[in-house]
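Visitor: Just so you know, the numbering used here puts the end of the sequence shown at 855, numbered straight through with nothing missing.
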Amino acid sequence: MRLAIIISSPLGFPLLHALIRTGAAVEVAVPATNQPEIEELVGQLAGVDLVPRRLVRAGLGETLADWIAEWQPSVVLVLTFPWRVPARVLALPPHGFLNVHFAALPNYRGPAPLFWQLRNRESVGAVTIHRMEADFDTGAILLELPVPIGPDDTYGLHHTNLANRAATLAPQLVALLQLPTGTLPMRAQPEAAAHYWPRPALPDLCLQWDTPAAECYALVRAANPWNRGVFALLRGHPIRILAVQPLPGVAHEHPPGTVLRADAQAGVLVACGSGEVLRLEMVLLAEGYFTGFQLISLGLQVGERLGTLPVAGAAMGRAVAALV
532 MRLAIIISSP
542 LGFPLLHALI
552 RTGAAVEVAV
562 PATNQPEIEE
572 LVGQLAGVDL
582 VPRRLVRAGL
592 GETLADWIAE
602 WQPSVVLVLT
612 FPWRVPARVL
622 ALPPHGFLNV
632 HFAALPNYRG
642 PAPLFWQLRN
652 RESVGAVTIH
662 RMEADFDTGA
672 ILLELPVPIG
682 PDDTYGLHHT
692 NLANRAATLA
702 PQLVALLQLP
712 TGTLPMRAQP
722 EAAAHYWPRP
732 ALPDLCLQWD
742 TPAAECYALV
752 RAANPWNRGV
762 FALLRGHPIR
772 ILAVQPLPGV
782 AHEHPPGTVL
792 RADAQAGVLV
802 ACGSGEVLRL
812 EMVLLAEGYF
822 TGFQLISLGL
832 QVGERLGTLP
842 VAGAAMGRAV
852 AALV
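(1) Among 729, 541, 592, which one has its Cα closest to the Cα of residue 573?
(2) Please give me, in chain order, every unbroken run of the alpha helix (DSSP H) with length at least 4 that falls completely inside the segment 705–755.
(3) At 4 residues or longer, and completely inside the segment 796–849: list those alpha helix (DSSP H) runs for me, N to C.
(4) Assuming the contact rule is C-beta atoms closer than 8 Å, residue 793 and residue 832 should be a hit. Round their C-beta distance to whole Å, please.
(5) Are there 16 or more other CB atoms within 10 angstroms of the CB of residue 811, so buried, or fewer, so exposed?
(6) When DSSP builds the beta bridges, which residues end up paired with residue 702?
(7) Provide the residue(s) that pair with residue 776 in DSSP beta bridges, ordered along the chain.
(8) Taking the straight line between their C-alpha atoms, what separation do you get for residue 630 and residue 609?
(9) I think residue 549 touches residue 698, with their Cβ atoms under 8 Å apart; what is that distance to the nearest whole Å?
(10) Please confirm if the segment 610–619 is in contact with the segment 586–596, defined as three or more CB-CB distances below 8 Å between the two stretches.
(11) Start and end of the alpha helix (DSSP H) containing residue 618?
(12) With a CB to CB cut of under 6 Å and the five nearest residues on each side skipped, what residues in its chain are close to residue 569?
(13) Measure from the alpha carbon of residue 668 to the alpha carbon of each residue in 816, 650, 628, then state which is nearest.
(14) Report the option in 595, 559, 601, 728 whose CA atom is closest to the CA atom of residue 582.
(15) Determine the DSSP secondary structure at residue 573, reduced to helix, strand or coil.
(16) Taking buried to mean at least 16 other C-beta atoms within 10 Å of its own C-beta, is residue 655 buried or exposed?
(17) Would residue 674 and residue 717 be called neighbours here (beta carbons separated by less than 7 Å)?
(18) Is it true that the segment 744–756 meets the segment 699–714, where meeting means three or more beta-carbon pairs spaced less than 8 Å apart?
(19) Leaving out five residues on either side along the sequence, give the residues of the same chain with a beta carbon under 6 Å from the beta carbon of residue 773.
(20) Can you look up residue 673 in the DSSP assignment and give me helix, strand or coil?
(21) So the beta strand (DSSP E) residue 791 belongs to, where does it begin and stop?
(22) Between the C-alpha atoms of residue 584 and residue 830, what's the straight-line distance to the nearest angstrom?
(23) Just checking, does the segment 688–696 make contact with the segment 599–606 on the three C-beta pairs under 8 Å criterion?
(24) Whole angstroms are fine: how far does the CA of residue 791 sit from the CA of residue 662?
(25) Where does residue 611 land, buried or exposed, given buried means 16+ other C-beta within 10 angstroms?
(26) Throw me the rounded Cβ distance for the residue 780 and residue 838 pair, which I believe falls under 8 Å.
(27) So, helix, strand or coil for residue 646, using DSSP?
(28) Mind checking which residues open and close the beta strand (DSSP E) that includes residue 533?
(29) State the DSSP-derived secondary structure class of residue 768, mapped to helix, strand or coil.
(30) What did DSSP end up calling residue 696 once you bin it into helix, strand or coil?
(31) Look at the alpha carbon of residue 795 and the alpha carbon of residue 826, and state the distance between them as a whole number of angstroms.
(32) At the level of alpha carbons, what is the spacing between residue 597 and residue 728?
(33) Would you mind working out which of 821, 724, 804, 744 sits nearest residue 650, comparing C-alpha positions?
(34) According to DSSP, simplified to helix, strand and coil, what is residue 541?
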């Protein structure tokens, strides 16, 4: 069996590697960009003796059609890809194009479902393999594998779990692709349950101190590590918060964002919504990464208030951009 695989993230590499181990003949293509993820992926591919084709956005349809005509794959499998494939190309292979979507469908369509599932405090994610159509993430589903999301999972941890669980689908997928053209056991997505989630924008990544502790905790986990945390303000300067811990049973009557404790016993405790409390575990300042306890050595005082990042203003935008 011949497979053509388009991939743009290391997230899909374990499944690709598992497909190779089934004995399938594989050719691979990646976007021709200089993003660090692509270069990491190219290195992984070299480790399994694969040199990928480089795809450019201009003329993508013609490039893919030529590749399919030359390689004659049973299917084109897409393991994350940022560009729309022209509809006329999708029907060229015998089994068409199949997309591996790292979330449940149709509830979590869109380019960043991992963030939104964690942000929304879902307890279960999924790896979903579906037919590609002209619209993103809308095609009929071939395989779906639930993947639990632990209550303390970060984006990075769930990302790794998804990648590893996706690899377990390789034997079943290869077996299904042996079926005659037009006989794959597909089921339509229920459109009534469909929701498209956009790529997170800056307002989605700003900690609102007046929200309950569980919501703050979910947002911070959803942004670690891909955004290096969520944004907040400390003494008028933007910071990123990478880890917090809700403290059940600890209450307060102070304005949200107020530093309630800053000592070697408790660390840095901050007031949030509903009278609840968060402990700061890890932050990123212009000076570097700091634990909550290290913040105390920088002179953080009880009674100071952490703020919410304003999302407008060129000066603040430059400050955020500099916070690497």
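We put the beta carbon where it would ideally sit given N, CA and C, even for glycine.
Guide: Straight from the coordinates:
(1) 541
(2) 744–753
(3) 823–828
(4) Yes, residue 793 and residue 832 are in contact; Cβ-Cβ is about 6 Å, under 8 Å.
(5) buried
(6) None, per the DSSP bridge assignment.
(7) 810
(8) When rounded, the distance between both Cα atoms is 5 Å.
(9) Between residue 698 and residue 549 the Cβ distance is about 4 Å, and since that is below 8 Å, they are a contact.
(10) yes
(11) In this chain, the alpha helix (DSSP H) harbouring residue 618 covers 618–621.
(12) 561
(13) With distances taken between Cα atoms, residue 668 lies closest to 628.
(14) 559
(15) Three-state result, residue 573: helix.
(16) exposed
(17) It is not a contact, given that the beta carbons lie outside the stated cut-off.
(18) no
(19) Spatial neighbours of residue 773 in its own chain (CB-CB distance under 6 Å, excluding positions within 5 residues in sequence) are listed in chain order as 755, 760, 813.
(20) Residue 673 falls in the strand class under three-state DSSP.
(21) 790–794
(22) Approximately 53 Å between the Cα atoms of the pair.
(23) no
(24) 52 Å
(25) Around the CB of residue 611, 16 or more other CB atoms lie within 10 Å, so the residue is classed as buried.
(26) With a Cβ gap of about 26 Å, residue 780 and residue 838 do not count as contacting.
(27) Taken through DSSP and simplified to helix, strand or coil, residue 646 comes out as helix.
(28) Annotation: the continuous beta strand (DSSP E) that includes residue 533 extends over 533–538.
(29) strand
(30) helix
(31) 11 Å
(32) 33 Å
(33) 744
(34) helix
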